[in-house]
Structure formats: structure tokens, C-alpha cells
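S.K.: Residues 1 to 57, numbered by the UniProt record's numbering, are exactly what the sequence shown covers, in order.
Even glycine gets a Cβ: it sits at the ideal position worked out from N, Cα and C.
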Amino acid sequence: MKLAGDSQTEYADTKESAIARAKQLARRAPRAQVVIFDEDGRVEQEIYFDPSTERSV
1 MKLAGDSQTE YADTKESAIA RAKQLARRAP RAQVVIFDED GRVEQEIYFD PSTERSV
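Right under this line is the structure:
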């Protein structure tokens, strides 16, 4: 899984690990957007995290 957010790109083995990493990154910013891509480079999921509520939007 490719995980892109806030001007940095990371890679994760699974979607679950990508989401967990995104939550870690979101804690350092007022709000974070994470885009998860499939193997073909298409957007699979976009997630917006609000660390004040620890919820994804």
C-alpha cells in the first residue's frame, strides 16, 4: 500500500498498517489527509483525520 500525506510518501504492507501510520502522523498536525492507492496507482481511499476527536472523517 502506498500512503501519501502532508508532502511525504510512505509505504505499508497492508491497508490496516497504512491507516495506523496515518493516525500516528495525524497526531502531529491539526488535521491530516491521507490517500491510499491500490497496486495500479488509483486512489483507493481518502481519509481525513481530526486528532482532537481521534476520528476519521
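Cα-Cα, which of Arg28, Val43, Phe37 and Gly41 is closest to Asp50?
M.R.: That would be Arg28, whose Cα lies nearest to the Cα of Asp50.
S.K.: When the Cα atoms are used, what is the spatial distance from Glu44 to Lys15?
M.R.: Taking the straight line from one Cα to the other gives about 10 Å.
S.K.: Can you list, in chain order, the residues of its chain with a C-beta nearer than 6 Å to that of residue 59? Leave out the 5 residues immediately preceding and following it.
M.R.: Any answer about residue 59 is impossible in this case: the structure gives the chain only from 1 up to 57.
S.K.: How long is the line joining the alpha carbons of Phe37 and Gln24, rounded to whole angstroms?
M.R.: So the alpha carbons of these two residues sit roughly 19 Å apart.
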